[in-house]
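Participant: In UniProt numbering, the protein residues as written are 1 to 471.
Glycine included, each C-beta is placed from N, C-alpha and C at the ideal position.
For reference, the structure I am asking about is given below.
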C-alpha cells in the first residue's frame with residue numbers, strides 16, 4: 001500500500017491486487033466539508049444516550065401531522081465519497097498492519113461478503129475486530145454510517161442467539177416520532193416522497209371521471225402515517241372546491257407485525273380525517289410468518305379504485321420468501337390498481353449483501369451529511385442530528401441489512417412483470433417537488449426527471465427515486 005498527493009492536497013491510497021468478487025468500495029479519503037463537529041459516543045439505548053437540548057415534549061412530538069419550516073439556505077460544499085473496484089483480499093497478511101481509516105471501511109464490506117459466502121465465523125471475527133475502529137457513531141458522516149452497518153451486521157449474525165425483539169415502549173415511540181418530526185423539519189426528503197405519491201394518486205383518480213364513493217389505498221410502508229394526513233387534506237380540499245361529497249378512504253397497511261407505532265398512526269389518521277369531515281378507516285394486514293401469502297387477506301371491493309404504494313426495501317423486509325416478487329406480482333394483477341407508486345428511499349437495488357453494504361455506506365453517508373448541514377445552518381446543532389440518526393437512520397440501516405432476501409431481479413422488472421407501465425409524473429407533481437427544494441434550509445438538493453422517474457438528490461447523490469406505474 002502506498003500514498004500519493006493529489007491536486008487538492010488529499011491523500012490517494014493505492015491498494016494491493018483486488019479480489020474478483022462483485023461489490024464496490026474503498027472511499028476517496030478526503031476530509032468532510034460537513035459543518036458540524038464529530039459526534040460524541042452514544043450508548044446502546046437511543047432514548048437514554050441522547051441528551052436532549054430540551055425535555056421531550058410528548059404533545060409536541062405527536063404533532064407530526066403539522067410542521068413548520070425555516071427558510072435559510074447558506075451554501076455548503078458537498079462531501080463526496082467514491083467507491084472503486086479495488087478490494088483487498090481479507091486473508092492477505094498485510095491486512096493486519098492496516099491503520100488507515102478507509103481500509104476499515106473495506107474490511108466492513110468484506111465482512112458482508114463473507115456472510116454472502118456463508119463463512120459466518122470469519123465474518124464475525126472481521127466485525128469484532130472493527131469494534132476498535134468504529135466503537136461509536138462519531139466522526140465524519142461516512143464513519144457514522146459504518147458504525148450503524150457494523151452493528152446491523154453483528155445483530156444479523158447473532159439473531160439465532162437472541163429472543164425476538166420486544167415492541168417499542170411508549171417512550172421509544174415518542175423518541176421515534178420526535179426524530180421523524182426533526183427529519184421533516186431539516187430536509188425535504190419525507191415530503192418529497194409523500195407529495196409525489198399523493199399527487200400521482202390524485203392524478204389517477206382524475207382519470208375516472210365521476211368521483212368514486214370510496215378509495216382504497218394499500219401502503220407497504222406506513223411508518224408513522226404522516227403522508228396520509230396530507231393526502232386526506234388534499235381529498236377534502238378538492239371535494240370542497242367541487243362541492244361534492246368527499247369519497248371515503250380505506251387504507252390498508254401491510255406491516256410485518258402490529259406495533260404501538262402502527263396503532264398510533266391508525267388512530268391519529270382516523271381522528272385527523274374525522275376533523276376534516278372525511279370517512280377514513282385503517283385495516284392492518286400482518287405478514288409475519290407467512291410472508292406475502294397474507295396479501296390474500298386484503299379485502300378488494302369490485303369497482304372501487306385501488307392505489308398501491310411500494311418501497312423496494314420494505315417489500316424484501318416483509319417477506320424473505322424467494323417467491324416474494326411472484327406473490328406481489330400476482331396481487332398487483334388481481335387488484336388492478338389505478339396507480340402503483342414506487343418510493344425507493346434507499347436508492348440501490350443490490351444483488352448481494354456485500355453490494356448492499358458498499359452502496360449503503362455511500363448512500364447513508366450522504367444522507368447523514370445532508371441532515372448535518374441543515375442542522376448547522378438552522379442552529380439545531382448536534383443534538384438534532386443525533387436524534388435523527390438514532391431514531392431513523394439506525395433502524396433503516398438495520399432494515400437494509402435485514403431486507404436483502406436474495407431477489408436478483410430489479411424491482412422495476414418485477415413491476416413490468418406485473419403488466420405495469422411507467423407513466424411519469426404530472427407537471428403538478430414536478431412543480432411541488434421543485435417548490436420543496438427551493439424551500440430547503442441548505443443548498444445542495446436537486447430535483448430531476450430521469451426517464452419516467454422523479455429523483456431527489458444531494459450534490460449529485462440520489463436520495464429518493466419515485467416512479468408511477470399503471471396497467
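Counting Cβ pairs closer than 8 Å, one from the stretch 270-277 and one from the stretch 298-312, do we hit at least three?
Facilitator: Result no; under three Cβ-Cβ pairs closer than 8 Å.
Participant: Among residues of its own chain, excluding the 5 on either side of residue 192, which ones have a beta-carbon nearer than 7 Å to its beta-carbon?
Facilitator: The residues are 433, 436, 456 and 464.
Participant: What are the residues that DSSP puts in a beta bridge with residue 446?
Facilitator: DSSP output for residue 446 lists 457 as bridge partner(s).
Participant: Mapping DSSP to helix, strand and coil, what is residue 438?
Facilitator: Helix, per DSSP.
Participant: Out of curiosity, what's the CA-to-CA distance linking residue 183 and residue 125?
Facilitator: One C-alpha to the other measures close to 35 Å.
Participant: Mind checking residue 149: buried by the 16 CB within 10 Å criterion, or exposed?
Facilitator: When all chains shown are included, residue 149 counts as buried.
Participant: When the Cα atoms are used, what is the spatial distance from residue 365 to residue 242?
Facilitator: Roughly 46 Å between the two C-alpha positions.
Participant: Considering only residues of the stretch 372-436, which uninterrupted alpha helix (DSSP H) runs meet the minimum length of 4 residues and lie entirely inside it, listed in chain order?
Facilitator: Fully enclosed alpha helix (DSSP H) runs of 4 or longer: 381-388, 394-402 and 411-417.
Participant: So who's on the other strand from residue 280, going by DSSP bridges?
Facilitator: Answer is 249, bridged to residue 280.
Participant: Taking residue 213 as the reference, give the member of 244, 187, 197 and 391 with the closest Cα.
Facilitator: Looking at the Cα atoms, 244 is the closest of the given residues.
Participant: Would you mind stating whether residue 178 and residue 391 have Cβ atoms separated by less than 8 Å?
Facilitator: Yes, Cβ-Cβ distance for residue 178 and residue 391 is below 8 Å.
Participant: Pick helix, strand or coil for residue 300, following the three-state DSSP scheme.
Facilitator: Coil at residue 300, not helix or strand.
Participant: My guess is that residue 259 and residue 168 are in contact by the Cβ rule of under 8 Å, so how many angstroms apart are they, rounded?
Facilitator: 7 Å between Cβ atoms; contact.
Participant: Under the rule that 16 or more other beta-carbon atoms within 10 Å means buried, what is residue 428, buried or exposed?
Facilitator: Its Cβ having fewer than 16 others within 10 Å, residue 428 is exposed.
Participant: Mapping the DSSP letters down to three states, classify residue 119 as helix, strand or coil.
Facilitator: If DSSP states are grouped into helix, strand and coil, residue 119 belongs with coil.
Participant: Look at the alpha carbon of residue 80 and the alpha carbon of residue 358, and state the distance between them as a whole number of angstroms.
Facilitator: Here the model assigns residue 80 a pLDDT of 42, short of 50, so the residue's position is not dependable, and the following value carries that caveat. The alpha-carbon atoms of residue 80 and residue 358 are separated by roughly 15 Å.
Participant: Name the residue from 378, 446 and 297 whose alpha carbon lies nearest to the alpha carbon of residue 286.
Facilitator: Among 378, 446 and 297, the Cα nearest to that of residue 286 is on 297.
Participant: Can you name the start and end residues of the beta strand (DSSP E) that residue 307 belongs to?
Facilitator: Where residue 307 is concerned, the enclosing beta strand (DSSP E) stretches over 306-310.
Participant: Which of helix, strand or coil does DSSP assign to residue 169?
Facilitator: Coil at residue 169, not helix or strand.
Participant: Is residue 411 near residue 342, with beta carbons less than 8 Å apart?
Facilitator: The answer is yes: Cβ separation under 8 Å.
Participant: Out of curiosity, what's the CA-to-CA distance linking residue 417 and residue 324?
Facilitator: Roughly 13 Å separates the two Cα atoms.
Participant: Excluding the 5 residues preceding and the 5 following residue 132 in the sequence, name in chain order all residues of the same chain whose CB lies nearer than 7 Å to its CB.
Facilitator: Taken in chain order, the list of residues that qualify is empty.
Participant: Consult DSSP for residue 96 and reduce its assignment to one of helix, strand or coil.
Facilitator: Residue placement at residue 96 cannot be trusted, given a pLDDT of 40 that sits under 50; the coordinates are not used to answer.
Participant: If I'm right that residue 402 touches residue 156 with Cβ under 8 Å, what's the distance once you round it to whole angstroms?
Facilitator: Contact flag correct, Cβ pair sits at about 6 Å.
Participant: So who's on the other strand from residue 469, going by DSSP bridges?
Facilitator: BP columns for residue 469 point to 340 and 422.
Participant: In the DSSP assignment, find the alpha helix (DSSP H) that holds residue 293 and state where it starts and stops.
Facilitator: First-last for residue 293: undefined, no H or E at that position.
Participant: Between the alpha carbons of residue 400 and residue 360, how many angstroms are there, rounded?
Facilitator: When rounded, the distance between both Cα atoms is 8 Å.
Participant: Buried or exposed: where does residue 181 fall if 16 or more other Cβ atoms within 10 Å of its Cβ makes it buried?
Facilitator: Buried: at least 16 other Cβ atoms inside 10 Å.
Participant: Given a threshold of 16 other Cβ atoms within 10 Å of its Cβ, counted over all protein chains shown, does residue 225 qualify as buried or as exposed?
Facilitator: Buried: at least 16 other Cβ atoms inside 10 Å.
Participant: Compute the beta-carbon to beta-carbon distance between residue 353 and residue 393, rounded to the nearest angstrom, for a pair I have assumed lies under 8 Å.
Facilitator: So it is not a contact: roughly 19 Å between Cβ atoms.
Participant: Select from 176, 121, 201 and 135 the residue whose C-alpha is nearest the C-alpha of residue 387.
Facilitator: Answer by Cα proximity: 176.
Participant: Considering only the alpha carbon of each residue, which of 219, 227 and 248 lies closest to residue 256?
Facilitator: When only C-alpha atoms are compared, the closest one is 219.
Participant: For residue 334, name the three-state secondary structure that DSSP assigns.
Facilitator: Three-state result, residue 334: helix.
Participant: Can you tell me whether residue 357 is helix, strand or coil according to DSSP?
Facilitator: If DSSP states are grouped into helix, strand and coil, residue 357 belongs with the helices.
Participant: Looking at the unbroken beta strand (DSSP E) that takes in residue 219, where does it start and where does it end?
Facilitator: 214-219 is the extent of the beta strand (DSSP E) around residue 219.
Participant: Rounded to a whole number of angstroms, what is the C-alpha to C-alpha distance between residue 52 and residue 120?
Facilitator: Bear in mind that the predicted position of residue 52 carries a pLDDT of just 39, short of 50, making it too unreliable to give a figure here.
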